[in-house]
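Protein chains: 2
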Amino acid sequence: MTDGLDRVDRQILKILQREGRIPNVELAERVGLSPTATGERLRRLQKDGVITGFGARLDPHLLGLSLLVFVEVSLDKTTPDAFARFAAAVRRAPEVLECHMVGGGFDYLVKARVADMPAYRRFLGEGLLSLPGVNNTRTYAVMEEVKSDGVLPL
Amino acid sequence: MTDGLDRVDRQILKILQREGRIPNVELAERVGLSPTATGERLRRLQKDGVITGFGARLDPHLLGLSLLVFVEVSLDKTTPDAFARFAAAVRRAPEVLECHMVGGGFDYLVKARVADMPAYRRFLGEGLLSLPGVNNTRTYAVMEEVKSDGVLPL
DNA sequence: CGGTGTTGCCGCCGATCCTGCGGCAATCCG
DNA sequence: CGGATTGCCGCAGGATCGGCGGCAACACCG
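These protein sequences, in sequence, are chains A and B. Numbering-wise, UniProt numbering puts 73 at position 73 of the first sequence, and it's gapless, one number per residue. Numbering-wise, UniProt numbering puts 134 at position 134 of the second sequence, and it's gapless, one number per residue.
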């Protein structure tokens, strides 16, 4: 059952990554199958967890979230539960779009969106630096988003 | 017309960010409007560019893309067109999910997904380092994805 | 104050879409 | 070679979509 994805499955995923709200009948004729068979595949892909969900892509700027920042966070390793508490806090923070634990010069890489620089200062001071165990942060403000769709290669 | 989003609009966006394939009638009863009015709002949100599209969320691990990496790239500023050529190459590379030009210690932050370490070595050598003007790179491999949905706060 | 235009919503209805069912061909296996 | 399984198709009843006309609230203005 592992990775039992044929050519049609991958084609379905490829289409749905970019046009997630396409009706099943149109998806069917694009992959060259009947709507019934296509719907069955879609249902199976969701059940197997290959498709974890569907979502709308929004324009951050039109929503007043013009500033995208990446923050490298170093934790104080002597503080007990520092990692668990930091992770929990980050999951609760709405400004944080992503947070990854990395190996290398620091511990976490945080991607966050805020309205502007004052808002970022507030988020950094009240949201990140106030967490216990946070040792050091380094902020990189994004000047231009060269590529940002995040579509997986198939 | 700028930012003319009322409470219902934001509620629609909030729901569609997580459940992009919800039928219009269900969306309507959740926001407490008729299906007609709700569909009209949805159409308007797309026309105004607030909603830029819909997409399926896929599980990278089930697709054999288990390794997530971030790469900090520094360019040789003396090479003419270095920035434009780098940006163009990155847009063509399927492994690259995101690429942001940042201000700070380096020039571009690249987020990429590959199958495993050997695949990453190949991508780094043939995809990134072979580009003219690339001066230096620093790679951070993700050990744990603490938060990765990327849902905007509303 | 009343006329008028605008906006946002509703109900209705024909067209479209979804989904469960039965049938069929290909494949696999004992 | 017989039988089970798998994946697909066509069909049909029911759900959903989207365009249309109507209506109420509101703002503007003479």
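Glycine included, C-beta positions come from ideal geometry on N, C-alpha and C.
Residue i vs residue j beta-carbon contact at 8 Å
{"i": "Leu45 of chain B", "j": "Asp9 of chain B", "result": "yes"}
{"i": "Ala56 of chain A", "j": "Gly127 of chain B", "result": "no"}
{"i": "Val73 of chain A", "j": "Val96 of chain A", "result": "no"}
{"i": "Pro153 of chain B", "j": "Pro94 of chain A", "result": "yes"}
{"i": "Leu58 of chain B", "j": "Ala115 of chain B", "result": "no"}
{"i": "Pro132 of chain B", "j": "Thr79 of chain B", "result": "yes"}
{"i": "Phe54 of chain B", "j": "Phe83 of chain A", "result": "no"}
heavy atom of the ligand COA below 7 Å from residue i C-beta
{"i": "Leu42 of chain A", "result": "Because no ligand of any kind appears in the structure shown, any question about the ligand COA cannot be addressed here."}
Below-8 Å beta-carbon distance, residue i vs any chain A residue
{"i": "Pro118 of chain B", "result": "no"}
{"i": "Arg21 of chain B", "result": "yes"}
{"i": "Arg122 of chain B", "result": "no"}
{"i": "Lys147 of chain B", "result": "yes"}
{"i": "Gly49 of chain B", "result": "yes"}
{"i": "Ala87 of chain B", "result": "yes"}
{"i": "Gly104 of chain B", "result": "yes"}
{"i": "Glu26 of chain B", "result": "no"}
{"i": "Val71 of chain B", "result": "no"}
{"i": "Arg113 of chain B", "result": "yes"}
{"i": "Thr52 of chain B", "result": "yes"}
{"i": "Asp59 of chain B", "result": "yes"}
{"i": "Leu33 of chain B", "result": "no"}
{"i": "Pro94 of chain B", "result": "yes"}
{"i": "Leu67 of chain B", "result": "no"}
{"i": "Glu29 of chain B", "result": "no"}
{"i": "Met1 of chain B", "result": "In this prediction, Met1 of chain B scores a pLDDT of 44, lower than 50, which makes its location untrustworthy; no coordinate-derived value is stated."}
Minimum Cβ-Cβ distance from residue i to chain B less than 8 Å
{"i": "Asn136 of chain A", "result": "no"}
{"i": "Ser74 of chain A", "result": "no"}
{"i": "Val142 of chain A", "result": "yes"}
{"i": "Thr36 of chain A", "result": "no"}
{"i": "Ala56 of chain A", "result": "yes"}
{"i": "Leu16 of chain A", "result": "yes"}
{"i": "Pro132 of chain A", "result": "no"}
{"i": "Arg91 of chain A", "result": "yes"}
{"i": "Leu128 of chain A", "result": "no"}
{"i": "residue 160 of chain A", "result": "Because residue 160 of chain A is not part of the residues shown, which for chain A are 1 to 154, the question remains open."}
{"i": "Glu40 of chain A", "result": "no"}
From the options, residue whose alpha carbon lies closest to that of residue i
{"i": "Lys147 of chain B", "options": "A:Val146, A:Arg91, A:Phe123 and A:Asp116", "result": "A:Arg91"}
{"i": "Glu26 of chain A", "options": "A:Thr38, A:Val114 and A:Gln17", "result": "A:Thr38"}
{"i": "Tyr151 of chain A", "options": "B:Gly32, B:Pro132, B:Glu98 and B:Arg30", "result": "Residue 151 of chain A is actually Val in this sequence, not Tyr. Residue B:Glu98 is the option with its Cα nearest to Val151 of chain A."}
{"i": "Asp6 of chain A", "options": "A:Phe86, A:Met117, A:Arg122 and A:Val31", "result": "A:Val31"}
{"i": "Ala119 of chain A", "options": "A:Gln17, A:Asp81, A:Asp149 and A:Val69", "result": "A:Val69"}
{"i": "Phe86 of chain B", "options": "B:Glu145, B:Ser130, B:Asp149 and B:Gly4", "result": "B:Ser130"}
{"i": "Glu145 of chain B", "options": "A:Leu16, A:Phe123, A:Glu145 and A:Ala88", "result": "A:Ala88"}
{"i": "Arg18 of chain A", "options": "B:Thr52, B:Asp149 and B:Met117", "result": "B:Thr52"}
For residue j and residue i, believed in contact at Cβ under 8 Å, the rounded distance
{"i": "Arg43 of chain A", "j": "Ile12 of chain A", "result": "11 Å between Cβ atoms; not a contact."}
{"i": "Met101 of chain A", "j": "Val134 of chain B", "result": "At roughly 27 Å, the Cβ-Cβ gap does not stay under 8 Å, so Met101 of chain A and Val134 of chain B are not in contact."}
{"i": "Ala28 of chain A", "j": "Val71 of chain A", "result": "Contact doesn't hold; Cβ gap of about 44 Å is too wide."}
Inset, instruction - Please confirm if the region 47-54 of chain A is in contact with the region 59-73 of chain B, defined as three or more CB-CB distances below 8 Å between the two stretches. - result: With three or more CB-CB distances shorter than 8 Å, the region 47-54 of chain A counts as touching the region 59-73 of chain B.
Inset, instruction - Flag this pair as touching only if the region 124-142 of chain B and the region 87-107 of chain A have three or more C-beta atom pairs under 8 Å; answer yes or no. - result: The answer is yes - the region 87-107 of chain A touches the region 124-142 of chain B, with three or more Cβ pairs under 8 Å.
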